[in-house]
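Visitor: Handing you a structure now.
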Amino acid sequence: MKRTTLRVLLVATLCAAHALVASAGERDAAASTASHAYRRHSNNWAVVVDTSRFWSNYRHIANALSLYHSVKRLGIPDSQIILMLADQMPCNARNCFPGEVFNSRTQKINLYGKNVEVDYRGAEVTVANFITVLTGRHKPGTPASKKLDTDENSNIFIFMTGHGGDGFLKFQDFEELSSQDIADAIQEMHVKKRYHEIFFMVDTCQAGSLSNAIVSPNVVTIGSSQTGESSYAHHSDEELGLAVIDRFTFSTLDYLQRMKVGDWIRNSSLRELFNFYDPRMLYSTPDYRDDILGRDIDGVPITDFFGSVLDVQLHYDEEAYPLEGVSDFDNHQRQLPEITATDESKTMDSVSPANQQHQQRQQKRFRFSTDFFLVGLAFVIGILIVTNRKI
């Protein structure tokens, strides 16, 4: 009886010991997996793309340059930014501010001023070149400034703006980049170990549809609108005669503009950025995916993609954007009810309803120009002179 009891106790002790060892092993394995999943990256890169040509799409180059300056201000150097601009808006004959681009009515900050390094411009901005930048399949002799020299330790922020639709983005009003093209390029990047994590942001109509085909891991995406929705411009400049920035980009700048001093920059997360977008102000519903990122966006600092891997403290802000010129307009728009643009007949990436009404009111006003008054005065003086001579 005693031997049986001892055997039972011995077996129970061995089972308990085995269970403890197995549990410890599982904890170590889980910790190791977690450590691998959330491994800290060592460098940040950005790819900023404006895909539109023609003067009427002025706001798209302003969108791209605004995000370009934002990531530079937060710590990503020009050597790690690929900037692609599809048209020469600063040199357009209709630009009443030659060599300058603005995103605000106040015209305080020239976005095309000093220290802007454009890597691809004009006809160089094509679907093929964009995919080549991502995948690294460059021809021999390609300058280093045109290459995305990333590796498995690199976080990449990709921003694209232009005209789009369900599952495509137009380039140069000539060709299209499909959602499958994007998914294939990112998958090739994953196979080649060209990234650690990617944040893909698009400002166009039906922008959310561009990320539907992506299945590669460690990618988070956001679009300015859901499938079936248009994206809208924010405000216009009366001197330029067109819209100068889109609502989604403006809202992104408004959030990034608040990053000025101290540790708040590091503590701000992607979740806070996504929650900041107000559909009532955008007239569209931002569409994001975080299911393939591999970690909760609540714990992803915004500077994991927008800034330097070093701690950046901005005690003053020389590169701030002059948003005060449109703040009253913006606050008024935030009080309006949500408007969903689902009518396929609407022009994609169109001017917002509020701006359309404003422009219609401006068009209805008839104003005599200075030249008209001068010509009229000269005509009257001429009649008086002729009449006096006859008398």
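Sequential numbering of the sequence shown, starting at 45, is according to the numbering used here. From the three backbone atoms N, C-alpha and C, an ideal C-beta is built for every residue, glycine too. These numbers come from a predicted model, not from an experiment.
Where does Pro134 fall in DSSP's three states?
Guide: Stepping through the sequence shown from its first residue, residue 134 is reached at position 90. The answer is helix: DSSP assigns Pro134 an H, G or I state.
Visitor: Is it the case that the Cβ atoms of Leu213 and Val246 are separated by a distance below 9 Å?
Guide: Position 169 of the sequence shown holds residue 213. Position 202 of the sequence shown holds residue 246. A contact, by the Cβ cut-off of 9 Å.
Visitor: If you draw a straight line from the alpha carbon of Arg103 to that of Cys135, how long is it in whole angstroms?
Guide: Working through the sequence shown from its first residue, we reach residue 103 at position 59. Working through the sequence shown from its first residue, we reach residue 135 at position 91. Rounded to the nearest angstrom, the two C-alpha atoms are 15 Å apart.
Visitor: Quick one: using the 10 Å Cβ neighbour count with 16 as the cut-off for buried, is Leu421 buried or exposed?
Guide: Against the sequence shown, residue 421 aligns to sequence position 377. Exposed, by the Cβ-count rule.
Visitor: Buried or exposed: Val92, going by 16 or more other Cβ atoms within 10 Å of its Cβ?
Guide: Residue 92 sits at position 48 when you count from the first residue of the sequence shown. Buried, because 16 or more other Cβ atoms sit within 10 Å of the Cβ of Val92.
Visitor: Is the beta carbon of Arg217 less than 9 Å from the beta carbon of Arg138?
Guide: Stepping through the sequence shown from its first residue, residue 217 is reached at position 173. Stepping through the sequence shown from its first residue, residue 138 is reached at position 94. Note that residue 217 is Asp in the sequence shown, not Arg. Not in contact: Asp217 and Arg138 (Cβ atoms no closer than 9 Å).
Visitor: Could you check which residue in Ala251, His278, Pro261, Ser280 has the C-alpha nearest to that of Thr271?
Guide: The residue labelled residue 271 in the question sits at position 227 within the sequence shown. The candidate whose alpha carbon is nearest that of Thr271 is Ala251.
Visitor: Is the beta carbon of Tyr332 less than 9 Å from the beta carbon of Phe350?
Guide: Within the sequence shown, numbered from 1, the residue matching residue 332 stands at position 288. Within the sequence shown, numbered from 1, the residue matching residue 350 stands at position 306. The answer is no: Cβ separation not under 9 Å.
Visitor: Are Ser437 and Leu326 touching if we call contact CB-CB under 9 Å?
Guide: With the chain covering 45 to 435 only, the question about residue 437 has no answer from this structure.
Visitor: From the DSSP output, read off the bridge partner residues of Val326.
Guide: What you label residue 326 is simply residue 282 of the sequence shown in a count that begins at 1. Looking at the sequence shown, residue 326 is not Val but Leu. For Leu326, which the question treats as bridged, DSSP gives no partner whatsoever.
Visitor: By the three-class DSSP mapping on this structure, what secondary structure does His113 have?
Guide: Here the question's residue 113 lines up with position 69 in the sequence shown. Note: His113 maps to helix in three-state DSSP.
Visitor: Go ahead and pull the three-state DSSP assignment for Val419.
Guide: Within the sequence shown, residue 419 is the residue found at index 375, counting from 1. Val419 falls in the helix class under three-state DSSP.
Visitor: Going by Cα to Cα distance, which pick from Met303, Thr194, Asp298, Lys191 is closest to Phe320?
Guide: As a position in the sequence shown, residue 320 is number 276, starting the count at 1. Considering only alpha carbons, the answer is Asp298.
Visitor: Can you give me the C-alpha to C-alpha distance between Phe243 and Thr265, rounded to a whole angstrom?
Guide: Along the sequence shown, read from residue 1 onward, the residue named residue 243 stands at position 199. Along the sequence shown, read from residue 1 onward, the residue named residue 265 stands at position 221. Their Cα atoms are separated by approximately 6 Å.
Visitor: Can you tell which of Asp322, Asp342, Gly285 has its C-alpha closest to the C-alpha of Ser520?
Guide: Outside the shown range of the chain (45 to 435) lies residue 520, about which nothing can therefore be said.
Visitor: In the DSSP output, which residue or residues are listed as bridge partners for Asn88?
Guide: Translated into positions along the sequence shown, residue 88 becomes position 44. Paired residue(s): Asn199.
Visitor: Can the beta-carbon of Ala188 be found closer than 9 Å to that of Ile226?
Guide: Locating residue 188 in the sequence shown gives position 144, counting from the first residue. Locating residue 226 in the sequence shown gives position 182, counting from the first residue. Not in contact: Ala188 and Ile226 (Cβ atoms no closer than 9 Å).
Visitor: So for Lys190, helix, strand or coil by DSSP?
Guide: Translated into the one-based positions of the sequence shown, residue 190 becomes position 146. In the structure shown, Lys190 sits in a helix (DSSP, three-state: H, G or I).
Visitor: Using CA coordinates, which residue listed in Ile126, Arg315, Ile153, Ile105 is at the minimum distance from Asp334?
Guide: On the sequence shown, residue 334 is found 290 positions in, with the first residue counted as 1. The candidate whose alpha carbon is nearest that of Asp334 is Arg315.
Visitor: Quick one: is the Cβ of Glu283 within less than 8 Å of any heavy atom of the ligand GTP?
Guide: Among the components of this structure there are no ligands whatsoever, and the ligand GTP is therefore not found.
Visitor: Kindly give me the distance between the Cβ atoms of Ser260 and Gln231, rounded to whole angstroms, as I take these residues to be in contact under 8 Å.
Guide: Along the sequence shown, read from residue 1 onward, the residue named residue 260 stands at position 216. Along the sequence shown, read from residue 1 onward, the residue named residue 231 stands at position 187. So it is a contact: roughly 5 Å between Cβ atoms.
Visitor: In angstroms, rounded to a whole number, what distance separates the CA positions of Arg151 and His207?
Guide: As a first step, residue 151 is located in the sequence shown; it is residue number 107 there, counting from the start. As a first step, residue 207 is located in the sequence shown; it is residue number 163 there, counting from the start. Here residue 151 is Gln; the residue named in the question, Arg, does not match the sequence. Near 25 Å, if we compare the C-alpha coordinates of His207 and Gln151.
Visitor: Between the C-alpha atoms of Ser114 and Phe174, what's the straight-line distance to the nearest angstrom?
Guide: By 1-based counting over the sequence shown, the position of residue 114 is 70. By 1-based counting over the sequence shown, the position of residue 174 is 130. Between Ser114 and Phe174, the C-alpha separation is close to 21 Å.
Visitor: Check whether the Cβ atoms of Trp89 and Asn262 sit closer than 9 Å, and answer yes or no.
Guide: Numbered from 1 along the sequence shown, position 45 holds the residue referred to as residue 89. Numbered from 1 along the sequence shown, position 218 holds the residue referred to as residue 262. No. Outside cutoff.
Visitor: So, with DSSP's three-state summary, where would you put Thr296?
Guide: Residue 296 sits at position 252 when you count from the first residue of the sequence shown. Three-state result, Thr296: helix.
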